[in-house]
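J.: So that we are looking at the same thing, I have put the structure below in structure tokens.
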Amino acid sequence: MEASAGLVAGSHNRNELVVIRRDGESGPKPLRQLSGQICQICGDDVGLTVDGDLFVACNECAFPICRTCYEYERREGNQVCPQCKTRFKRLRGCPRVPGDDEEDDVDDLEHEFEWGDNHDSQYIAEAMLNGHMGHGRHGDINAVQVVHPVLQVPLLTNGEMIDDIPPEQHALVPSFMGGGVKRIHPLPFPDHNLPVHPRSMDPSKDLAAYGYGSIAWKERMEIWKQKQEKLHMNRNNGGDKGWDNNDDESDLPLMDEARQPLSRKMPIPSSKINPYRMIILIRLVVAGFFFHYRITNPAKDAYPLWLISVICEIWFAISWILDQFPKWLPIERETYLDRLSLRYEKEGQPSQLASIDIFVSTVDPMKEPPLITANTVLSILAVDYPVEKVSCYVSDDGAAMLTFEALSETSEFAKKWVPFCKKFSIEPRAPEWYFQQKIDYLKDKVHPSFVKERRAMKREYEEFKVRINALVAKAQKVPEEGWTMQDGTLWPGNNVRDHPGMIQVFLGQSGGHDIDGNELPRLVYVSREKRPGFNHHKKAGAMNALVRVSAVLTNAPYLLNVDCDHYFNNSKAVREAMCFMMDPLVGKQVCYVQFPQRFDGIDRHDRYANRNVVFFDINMKGLDGIQGPIYVGTGCAFRRQSLYGIDAPKKKKPPNRTCNCWPNWCCCCCCCTGSRKKKATKAKQENKKTSFKNAENGTPASALEGIEGGIKANGTDKQNLTSEQKLEKKFGQSPVFVASTLLENGGMPKGATPASLLKEAIHVIGCGYEDKTDWGKEIGWIYGSVTEDILTGFKMHCHGWRSIYCVPSRPAFKGSAPLNLSDRLHQVLRWALGSVEIFLSKHCPLWYGYGGGLKWLERMSYINATIYPWTSIPLLAYCTLPAVCLLTGKFITPELSNVASLWFLSLFICIFATGILEMRWSGVGIDDWWRNEQFWVIGGVSAHLFAVFQGLLKVLAGIDTNFTVTSKAGDDEDFSELYTFKWTTLLIPPTTLLIVNFIGVVAGVSNAINNGYESWGPLFGKLFFSFWVIVHLYPFLKGLVGRQNRTPTIVIVWSILLASIFSLLWVRIDPFLPKSDGPLLEECGLDCN
50 MEASAGLVAG SHNRNELVVI RRDGESGPKP LRQLSGQICQ ICGDDVGLTV DGDLFVACNE
110 CAFPICRTCY EYERREGNQV CPQCKTRFKR LRGCPRVPGD DEEDDVDDLE HEFEWGDNHD
170 SQYIAEAMLN GHMGHGRHGD INAVQVVHPV LQVPLLTNGE MIDDIPPEQH ALVPSFMGGG
230 VKRIHPLPFP DHNLPVHPRS MDPSKDLAAY GYGSIAWKER MEIWKQKQEK LHMNRNNGGD
290 KGWDNNDDES DLPLMDEARQ PLSRKMPIPS SKINPYRMII LIRLVVAGFF FHYRITNPAK
350 DAYPLWLISV ICEIWFAISW ILDQFPKWLP IERETYLDRL SLRYEKEGQP SQLASIDIFV
410 STVDPMKEPP LITANTVLSI LAVDYPVEKV SCYVSDDGAA MLTFEALSET SEFAKKWVPF
470 CKKFSIEPRA PEWYFQQKID YLKDKVHPSF VKERRAMKRE YEEFKVRINA LVAKAQKVPE
530 EGWTMQDGTL WPGNNVRDHP GMIQVFLGQS GGHDIDGNEL PRLVYVSREK RPGFNHHKKA
590 GAMNALVRVS AVLTNAPYLL NVDCDHYFNN SKAVREAMCF MMDPLVGKQV CYVQFPQRFD
650 GIDRHDRYAN RNVVFFDINM KGLDGIQGPI YVGTGCAFRR QSLYGIDAPK KKKPPNRTCN
710 CWPNWCCCCC CCTGSRKKKA TKAKQENKKT SFKNAENGTP ASALEGIEGG IKANGTDKQN
770 LTSEQKLEKK FGQSPVFVAS TLLENGGMPK GATPASLLKE AIHVIGCGYE DKTDWGKEIG
830 WIYGSVTEDI LTGFKMHCHG WRSIYCVPSR PAFKGSAPLN LSDRLHQVLR WALGSVEIFL
890 SKHCPLWYGY GGGLKWLERM SYINATIYPW TSIPLLAYCT LPAVCLLTGK FITPELSNVA
950 SLWFLSLFIC IFATGILEMR WSGVGIDDWW RNEQFWVIGG VSAHLFAVFQ GLLKVLAGID
1010 TNFTVTSKAG DDEDFSELYT FKWTTLLIPP TTLLIVNFIG VVAGVSNAIN NGYESWGPLF
1070 GKLFFSFWVI VHLYPFLKGL VGRQNRTPTI VIVWSILLAS IFSLLWVRID PFLPKSDGPL
1130 LEECGLDCN
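Sequential numbering from 50 applies to the sequence shown in our numbering.
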């Protein structure tokens, strides 16, 4: 992947592919001109040898053939040059084939036998890639070459007879190093349970030639045995007390530490969690008695009000149960970064940490400022992780040249910023927020040049900001002919809705070095193709395009996605995720690691609950104790294979424990023959069902097994072609991408060249690539909802995967949140609309995913996440009841008895006790808990209500309704957005509720004053009910009014209008007149006659 190759743009459907140079020295060129000679068989670049020279397959005529076709011709063809018909000789780095034994001039023992269990999937992937590299690009589309590799145990004699010894009688030396089983502790003695993998040996050769039996090998084995025996003796003698400081034994504690788990669960202390569980059960019992009283004692004089209130209360109880019980098993987790380094980063050896591809998504640079995106990218490039293992992909779904140019400036500034961050270990590594910190930046800094270099870097960043601001200012006015690049070429994305796919590698394996000469992580700009008439599926479609293009270019086994405004606040966040992903005990079952969202720039009081502390610190920890947290859309590290719709690997059950006091023959005699037959038959049926299920799912792993099985069974072309067609139908018509899905541990097939990979990358981001495939249905981010995050995580959990909730001491990511009321409500509206869409779709948790791997408590949490918007209807009715009761003089309950008062009081006490104990075990403050309760009411009667009706119109009637926001005021002071008033239709329901309840309070108090002392008793219950609504809507009222020292004009108009209404009502009702049906007649005591 060359960083200087330029912007690659094209469309697979239109057969267009050009390269636009950034330096302007040349115009558009075909992609083929970027490389050297072209292979005359497949059309790819010939490539270079292991020594860096041009690859020459035939030394007689130099016929241009790439290494892939050369090896395929030697392995499967007639082994001769197509031009001069001379037999190909084995070149350095190529495996032997039959007929090479007489060639003694080539000495390449290290590449002679490239076989092994770990390379089977790699070999098959390369075979598929080689067989289809030219498919749809050159020649006839029907002329498909299919390679069928023959998988067998390799013999070092190539299957030939030596000294009259047949191949099946060659020596087999057991290898204990390839069992694929990682143990936490070293074994001081041989373990007979480890699988023995045969390694074929030639008996005519000395064992020392293979590393066995030599003096050096014997010495290493003796030293290893001595260390293991000492380690075993020390464990038996009581831990680490007997360790000496000798050089021979200094690494033993490190070895033991490196084999320890990389993370551990920390359950909530029983003194905190047990009272919490007890009060939940007590509240459940009290609620039962409460509803028994409410249903059996209706208010006869206000039956409609009573019926509405009971229905609302039952719905609230169901909603509380769905929200409460998934929090029954909360846990916390702790990671050990030092153990991760000891295990995978050994001194003097290359890092064994897994590679990771990091995704950043952006759409409109006017709404998502390029400077914010640049800071996010800079924090990714400076992450504390091996640079060769990190690749950053930026998705520009708006095809904006402003984003492209800003990313170009960012890549240049990164060459100065990244070495500065790593040299002084600064946090955070986003320059905007680092230089804004109001802390002592000299703390723990001992380098004498730090102050000087920091001042210079701050000046460099300020100049960088000026350049970005200049680009933003220039982009305000679009030229009539559209944007033009430096070489005079029109920008391919001038038409946002109709443009080709674009890829630019800013930092790559060449050209991506900082000012100190160190390599930088890869930085790739991606803008997928868009054409009229195609459904591009917004963010979910953009993320799926990134999954495919990253699989073609780098194919890291792990992914991490962040929004453009969420920067890396903790440079070790990737290592935190790897403590779970690469843990040998739990890593294989983990589909993603979710980090909590933390935010900058929120006011101290957090008036509109932007931090979502209750959700991230209570609900998510509760889900982590079941099957894992839900996916929230950003700050999440994925296992790539889990995005391909693959079922989670099943846990191996421990062997059954049997009594050792009876002889084996006795146990065998006691077993019934009939039961054995039944068990065997049942096992066969289960295996048959499992294989059928895997075949239906079409997973890469099962397809790989199908390929192997077909080859071993009869070797027919039909079965292999069918398996490959299934993969292409599932993943799309890209052989490179399909081949990458077979590589569970990532990596690239060896036969691909950068030029061919860039062509495939343009292909997989085409607008029609996903047609008639499983993308968005079973693979990648799932379509069908604006909240694709919940749906994607739900599908993974249904496949049996589990997720992890990682909460580092230093927040991993930080982002920005909407401050003013209107923007916050529109954010909540989008989330609620997505939940309604899921509820009305086939993926609703109420009926989807049964029989899979989803646990029932996890299902309850997903049900709650999809039905919570529907709570807005009973909540709106319940908040209107107090005003109706005050205006009519009636109430939702009859006169309370002593027993009824006891149940009411007990329920209120249980509600408060649940909240207090919840805050106690989670550490959430009472202010955050109360803000969450308030905004639950505010959002419920506004955004959630509109989401329900908008979702019904969209799903049932196909009408997509959008609520626009218009800014009415602003300010340049700190937190000015907090006081910005933006009128929107979402403000109508809560405003109406406030006015109605205020009117009800005034009318109720006036009525009580008029009717005397006896009417005050029933009034208190109604006033408490009404004040409960007003107090919960108080933040909304404060946001509606604005600043305390400045009242908006609209509030004055509303006040005058309401005052007029109150005056007219007062005159009409005239409450000071005595309320009687006729004249009051009394005897005066006088005799008028």
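Every residue, glycine too, gets a C-beta built ideally from N, C-alpha and C.
#1: Tell me whether the beta-carbon of Ala422 lies closer than 8 Å to the beta-carbon of Ala449.
#2: Using the DSSP secondary-structure output, state which residues sit across from Ala686 in a beta bridge.
#3: For Val611, which of Glu278, Ser428 and Ser789 has the nearest alpha-carbon?
#4: When the Cα atoms are used, what is the spatial distance from Leu895 to Tyr680?
#5: With three or more C-beta pairs closer than 8 Å as the rule, is the stretch 869 to 880 touching the stretch 821 to 828?
#6: Output needed for Trp952: all residues of its chain with C-beta closer than 8 Å, excluding positions within five of it in sequence on either side, in chain order.
#7: Answer with buried or exposed for Gly833, where buried requires no fewer than 16 other C-beta atoms within 10 angstroms of its C-beta.
#8: When you compare only the Cα positions, how much space is there between Arg145 and Ala697?
#9: Measuring alpha carbon to alpha carbon, tell me which residue in Lys416, Asp406 and Pro379 is nearest Leu430.
#10: Can you name the start and end residues of the alpha helix (DSSP H) that Val596 belongs to?
#11: Would the stretch 974 to 988 and the stretch 1077 to 1091 be scored as touching if the rule is three or more Cβ pairs under 8 Å?
#12: Do we get a CB-CB distance below 8 Å when we pair Ser955 with the residues of chain B?
#13: Reducing DSSP to helix, strand and coil, say where Val575 ends up.
#14: What's the gap between the Cα of Ala591 and the Cα of Cys470?
#15: CA-CA distance, Asn567 and Gly902?
#16: For Leu491, which residues of its own chain have a beta-carbon under 8 Å away from its beta-carbon, when the five flanking residues on both sides are left out?
#17: Would you tell me roughly how many angstroms separate the C-alpha atoms of Tyr911 and Val642, rounded to the nearest one?
#18: Less than 8 Å between the CB atoms is what I'm expecting for Lys808 and Leu66, so what's the real figure, rounded?
#19: What are the start and end residues of the alpha helix (DSSP H) that includes Leu906?
#20: Given a threshold of 16 other Cβ atoms within 10 Å of its Cβ, counted over all protein chains shown, does Val885 qualify as buried or as exposed?
#21: What are the boundary residues of the beta strand (DSSP E) that Val554 is part of?
#22: Name the DSSP beta bridge partners of Phe4, please?
#23: If you compare alpha carbons, which of Ala463, Glu511 and Ser474 is closest to Phe484?
#24: From the DSSP output, in three-state form, read off Leu569 for me.
#25: Assuming contact is defined by CB atoms lying nearer than 8 Å, are Cys628 and Ser312 in contact in what I supplied?
#26: Roughly how many angstroms separate the alpha carbons of Gln774 and Trp824, rounded to a whole number?
#27: Grab the span of the beta strand (DSSP E) containing Val57 for me, first residue to last.
#28: At what residues does the beta strand (DSSP E) containing Val409 begin and finish?
#29: So what does DSSP say about Pro798, is it helix, strand or coil?
#30: Identify every residue that forms a DSSP beta bridge with Lys314.
#31: Cβ atoms of Val573 and Tyr442: under 8 Å apart, would you say?
#32: Our contact map puts Ile814 next to Arg577 with C-beta atoms below 8 Å; I'd like the distance itself, whole angstroms only.
#33: Would you grab the beta carbon distance between Ser404 and Pro606 for me? Rounded to a whole angstrom, and I think it's under 8 Å.
#34: Could you work out which residue in Trp482, Leu672 and Pro867 is closest to Lys904 when comparing CA atoms only?
#35: Taking 8 Å as the limit between beta carbons, can you name the residues of its chain near Ile87, skipping five residues before and five after?
#36: Taking only the alpha-carbon atoms, compute the straight-line gap between Ser60 and Ile811 and give it to the nearest angstrom.
T.: Per the coordinate set shown:
#1: The sequence shown places Thr at residue 422, rather than the Ala named in the question. Their beta carbons are not under 8 Å apart, which means Thr422 does not touch Ala449 by this criterion.
#2: Leu609 and Val642
#3: Ser428
#4: 19 Å
#5: no
#6: So the qualifying residues of the chain are Val335, Phe338, Phe339 and Tyr342.
#7: Per the 10 Å Cβ criterion, buried.
#8: So the alpha carbons of these two residues sit roughly 38 Å apart.
#9: Asp406
#10: Lys587 to Leu602
#11: Three or more beta-carbon pairs drawn from the stretch 974 to 988 and the stretch 1077 to 1091 are found closer than 8 Å, and the two stretches are therefore classed as touching.
#12: Judged by its chain identifiers, the structure shown contains no chain B, having just a single protein chain.
#13: In the structure shown, Val575 sits in a strand (DSSP, three-state: E or B).
#14: 31 Å
#15: 46 Å
#16: Shown here for Leu491: same chain residues with a beta carbon closer than 8 Å to its own, the five before and five after excluded, namely Phe499 and Val500 in chain order.
#17: When the Cα atoms are used, Tyr911 and Val642 turn out to be separated by approximately 18 Å.
#18: Indeed they touch by this definition, with Cβ atoms about 6 Å apart.
#19: Trp905 to Ile916
#20: buried
#21: Gly550 to Leu556
#22: With the chain covering 50 to 1138 only, the question about residue 4 has no answer from this structure.
#23: Glu511
#24: Correct three-state label for Leu569: coil.
#25: yes
#26: Taking the CA atoms as reference points, Gln774 sits about 16 Å from Trp824.
#27: Residues Leu56 to Ser60.
#28: Ile405 to Thr411
#29: Note: Pro798 maps to coil in three-state DSSP.
#30: Arg382
#31: Judged by beta-carbon spacing, Val573 lies within the 8 Å limit of Tyr442, meaning their Cβ atoms are closer than that value.
#32: 4 Å
#33: 7 Å
#34: Leu672
#35: Arg81, Asp93, Asp94, Val95 and Pro113
#36: 7 Å
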